[in-house]
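Protein sequences, first through last, are from chains A and B. Using numbering that gives the first Met the number 0, the first residue of the first sequence is number 0, and each one after it goes up by one. Using numbering that gives the first Met the number 0, the first residue of the second sequence is number 0, and each one after it goes up by one. Backbone N, C-alpha and C fix where the C-beta goes; we use that ideal spot for every residue, glycine too. Quick caveat: nothing in here was measured; it's all calculated off a predicted structure.
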Amino acid sequence: MQFDQFLQYLISGLTSGSIYALIALGFTLIHNSTQLINFAQGEFVMLGGLIAVSLYSAVGLPLVVAVLLSVIIVTIIGIVFERTAIRPLKNTSVITLIIVTVGASILMKNIAMILWGRDAQALPTFSGDKPIQFLGASVTPQAIWVILVTIATVVLLQLFYKRTIIGKAMKACAINPSAARLMGINTSSIVMLSFALSAGFGAMAGVLITPISMTSYSVGGFLGLKGFAGAVLGGLDNPVGAVVGGITLGILESLSIGFIDSGYKDAIAFLILLMVLFIRPSGILGARVREKV
Amino acid sequence: MATGRAFIRTDKFWFLLYGIAMAVLPLIFTNNYYVKIVIIMAINTLVVLGLNLLMGYAGQVSIGHAAFYGIGAYASAVATTKYGFSPWFGLGASVILGGIIAYVIAIPTLRLKGHYLAMATLGFAEIVHVLFLQLKNITGGTDGLFGIPSIAIAGFELDTPQKLYILVWLFLMLGLALSLNLANSRVGRALRAVHGSEIAAASVGIDTSKYKIQVFVLSAIMACIGGSMYAHMAAFVSPESFTLGMSIMLVTMVVFGGMANIWGAVVGATTLTLLEEYLKAYEDFNMVIFGVILVFAMVFMPQGLIGAGSRLLSFRKRKQEIIPDTAGEKSAAS
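(1) Mapping the DSSP letters down to three states, classify G3(B) as helix, strand or coil.
(2) Whose CA, out of M248(B), V266(B), H128(B), G256(B), lies closest to the CA of M300(B)?
(3) Does chain B have any CB closer than 7 Å to the CB of D236(A)?
(4) Could you list the residues in the region 45-59 of chain B with a C-beta less than 7 Å from some C-beta on chain A, going in chain order?
(5) What residues in the region 152-186 of chain A bring their beta carbon closer than 8 Å to a beta carbon of chain B?
(6) Can you tell me which of the three DSSP states I152(B) falls into?
(7) Tell me which residues share the same chain as S11(A) and place their Cβ nearer than 7 Å to its Cβ, disregarding the 5 neighbours each side in the sequence.
(8) Which runs of the alpha helix (DSSP H) spanning at least 4 residues fall entirely within the region 151-187 of chain A, listed in chain order?
(9) Tell me, please, which residues DSSP counts as bridged to V193(B).
(10) So for T83(A), helix, strand or coil by DSSP?
(11) What residues from chain A crowd round E239(B), counting only those whose CB sits closer than 7 Å?
(12) Taking Cβ positions only, does Q133(B) come closer than 7 Å to chain A?
(13) Is it a yes or a no for the region 280-298 of chain B touching the region 51-70 of chain B, going by three-plus beta-carbon pairs under 8 Å?
(14) Is there a Cβ of chain B sitting closer than 7 Å to that of P280(A), yes or no?
(15) Taking a Cβ distance cut-off of 7 Å, strictly less, list which residues of the region 95-116 of chain A are near chain B, in chain order.
(16) Could you list the residues in the region 241-254 of chain B with a C-beta less than 8 Å from some C-beta on chain A, going in chain order?
(17) By Cβ distance below 7 Å, which residues in the same chain neighbour I337(B) in space, the five residues on each side in sequence not counted?
(18) Please say whether A76(B) and V186(B) have beta carbons closer to each other than 7 Å?
(19) Along the chain, where does the alpha helix (DSSP H) that runs through A230(A) open and close?
(20) Where Y210(B) and L90(B) are concerned, what is the direct C-alpha to C-alpha distance, given to the nearest angstrom?
(21) By how many angstroms is the C-alpha of L116(B) removed from the C-alpha of V250(B)?
(22) With DSSP run on the structure shown, which of helix, strand or coil describes Q297(A)?
(23) Look at F321(A) and W144(A) and say whether their C-beta atoms are less than 7 Å apart.
(24) Could you tell me the alpha carbon to alpha carbon distance between A173(A) and I36(A), rounded to whole angstroms?
(25) Compute every distance between the C-beta of M21(B) and the non-hydrogen atoms of the ligand ZN, then say whether any falls below 6 Å.
(26) Does DSSP put S85(B) in a helix, in a strand, or in coil?
(27) Less than 7 Å between the C-beta atoms of V216(B) and Y68(B), yes or no?
(28) Out of G204(B), A41(B), G49(B), A230(B), point me to the one whose CA is closest to G18(B)'s CA.
(29) Check whether chain A comes within 7 Å of D142(B), counting only Cβ atoms and requiring the distance to be less than that.
(30) So for F145(B), helix, strand or coil by DSSP?
(31) Quick one: what's got a C-beta closer than 7 Å to I283(A)'s C-beta in the same chain, skipping five residues either side?
(32) So which residues on chain B does D265(A) lean against when the C-beta distance must stay under 9 Å?
(33) Do I29(A) and S193(A) have their CB atoms nearer than 7 Å?
(34) Kindly provide the ranges of any alpha helix (DSSP H) runs that are 4 or more residues long and lie completely inside the region 261-288 of chain A, ordered along the chain.
(35) Going along the chain, which residues of the region 186-219 of chain B sit with their C-beta nearer than 9 Å to a C-beta in chain A?
(36) By Cβ distance below 8 Å, which residues in the same chain neighbour F80(A) in space, the five residues on each side in sequence not counted?
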C-alpha cells in the first residue's frame, strides 16, 4: 500500500472513529454514574440525525438551527427516558436495567420507523463538498467537522470535569456514589445529567454523520454496538479511554478494509477487540481492578 | 458432569404436567402453522434453559448465544446439503463442533467479568455472523442454504412438522430433566456459589473455572441442538436468523421469566415466543407494543414472571401466618 492510500484510509478511519468516540463517551458517562450499559445509546444517534432532517427539510429551518435544535430535543428525550424508565428501577439488578434499555431501544427504533419510514434520509454537508488535498489524500469538509467537533467536545468535557463544581460532583459519584451522597451531592440529578449528556453526544454524532453516510430508523443498533465496543476497548470507566478506544476502532476498521476484504470489516474489528480484552481485561486505559472479597 | 439427587417433589409434578401439556399441544392444534410455533417455542425453551444455567446459576452473561444456535443450524445444513451426510451425522457434527468451539472460546472469555464478558460474547457472535455471510462457498452467503432434508428415526421419516416435533419434544424434555437435576445437585450448588462470589467459592475448594467452562459448553451444546432442529424444521438457513437481536431476545427470555429458576426459563421462553408471534398481526406496531410490554414488565416485575408469581404466593402465605402470630402476642400481653 502506498503512503497516500494509507493516509486516505487513516483519515476515513479517524472520521468514523470520531463518531464511535462520541457514542462511546455516552456509554462511559452512564456507566460511571449507574454501572449500567445503556443499549438505547445508538437510538439517540439515530434520533439526532432524523430529527435534524425533519427540522431542515420539512420545517425549513436553517441547517445550523435544525442541527442544534435536534441535539437539544434528543437531550430532553434522554432526560425523559431516565426519569420514566431508569429512575423507578433503583435497587434492581443491573441485568434487569439492561433489559429495560433494550426494550426502550426497540421502542424508539420502531416508533422512528413509523414516523420516518424505512428509507434512508440525508442532510446537506455543513460547509460544501469541495475536498481539501492533504499530502496526496483528500479530506472532505464534513470529515473535518466531525473530527473538530469531537475534539472540542472532549476538551470541553475535560474542562467541565476539572473546573466546574458539577463536573467534580460527577467525578465523585463515579468514584464512590455512596460517599458522594454522604458529602451532600445529589446523586439522582447527577444520573439525570449523565443521561442528558450522553443523549446529547449521541445526537451530535448523529447529525455529524448524516451528511456523510445518510441515516434511517435502523442505524442505531449498529452504531451503538460500535460505540460500546470502543468504550470497552478503551476502558469503560474512563472517558479519555472511550475516545481513544472509539478512534482506535475506527482506524483499525478502515485499515482492515484497505488490507483485507471490506466484508470482513466488522469481524476484524471485533477480533482485535477480543484480543485486547484477553490480554488486558479492563481495556487499554482502564484501571486494573482488584476484586474485594 | 456429576449427576445429582433426583428432582425435588414439586419439580417432578410440574415436569410431568409440562411434559404432557407440551406433548398434546400439536394434537390439539394440528394446523402446520401452529405446530411450527410450538416447535419454535420448544426450541427456544431448550436454548433458554441452557442459557439460564449459565446466566442464572453461574452468573455469567452471554450476549452471543445466537452464534451457537447458528453454528448448530449451519453444521446440520452444510453436512446434509453440501456433503450429503445423513441428518444424524449433521446433528452429531453440530454438537461436537459447537462443544469444541465453546470450549476454546470459554477459556479466555470466562476470565472476563461483567460488561467485558458481555462484550466478548457479543463480539464472538458478531464474528460468527460475519463468517456466515462471507464464507460463501460453504454457507451460501446471504442466500443461505436450501433443501435441508428431513431427519429419520429407524426408517420413520420425520417429514412433517408434527413428526419432527416428536424429536424436538424429546430433546426439550431431556434438556429440562438435565437442568432440573443439575440445579438440585452438588454442581448446581457449586454454580450458585460461583455466582455469589467466585473468590469465596474457590476458597471452599470449588474449581470455579472448570465449572464455568463446563456450564458454558453445556449451554452451547443445548443451543446447537436447538439450531439443528430449527434447520430441519425450516429446511433453510440464512445469516439473518442468527443476529445480535436474537442473542438479546434469548437473554431477555431468561430475565423475563426469572433468573436462577429452571421454570423461569420455561415461562420466559414460552410467553415471549407466543407474544412475538401474536404481535406479528399488528404489522408496524408489533415491535412498539413488544417494547412497551418489555419495559413495563421489567419495571413492575424486576424478578421476572416467576419471581412476581412466587412473591404473590408468599405474600398470601405470610398474611395467613401473621394473623395467629399477632393474636398470640396480644394474649401474652394481656
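To lay it out plainly:
(1) Low local confidence applies: a pLDDT of 46 at G3(B) is under 50, so the model's placement there is unreliable, with the coordinate-based value given in what follows. Looking at G3(B) - three-state DSSP - the assignment turns out to be coil, as it is neither helix nor strand.
(2) With distances taken between CA atoms, M300(B) lies nearest to G256(B) out of M248(B), V266(B), H128(B), G256(B).
(3) no
(4) none
(5) Taking 8 Å as the Cβ-Cβ cut-off against chain B, none of the residues of the region 152-186 of chain A qualify.
(6) strand
(7) Excluding sequence neighbours, S11(A) sits near S253.
(8) 164-174, 176-181
(9) DSSP, once it has assigned bridges, lists no residue as partnering V193(B).
(10) helix
(11) Under the 7 Å cutoff, chain A gives no residues; its nearest Cβ is about 13 Å from E239(B).
(12) yes
(13) no
(14) yes
(15) Along the region 95-116 of chain A, going in chain order, the ones with a CB nearer than 7 Å to a CB of chain B are T95, I98, V99, V101, G102, A103, I105, L106, N109, I110, M112, I113.
(16) L243, G244, I247, V250, T251, V254
(17) Chain B is shown only over 0 to 333; residue 337(B) falls outside these bounds and no answer can be derived.
(18) In this structure, V186(B) keeps its C-beta atom at 7 Å or more from the C-beta atom of A76(B).
(19) Start and end: 218-233.
(20) 25 Å
(21) 14 Å
(22) The structure shown does not extend to residue 297(A), since chain A is modelled only from 0 to 292, so the question has no answer here.
(23) Since the displayed chain A opens at 0 and closes at 292, residue 321(A) lies outside it and no answer follows.
(24) 14 Å
(25) The ligand ZN is absent from the structure shown, which contains no ligand whatsoever.
(26) Three-state DSSP puts S85(B) in coil, outside helix and strand.
(27) no
(28) A41(B)
(29) no
(30) strand
(31) These residues qualify, in order along the chain: L232, G233, G234, G240, V243, G244, V275.
(32) For a Cβ distance threshold of 9 Å, residue set E125, I126, H128, V129 of chain B lies close to D265(A), ordered along the chain.
(33) Yes. Within cutoff.
(34) Fully enclosed alpha helix (DSSP H) runs of 4 or longer: 264-278.
(35) Contact annotation: in the region 186-219 of chain B, residues whose CB is within less than 9 Å of a CB in chain A are S196, E197, I198, A199, S202.
(36) A39, A103, F194, A198
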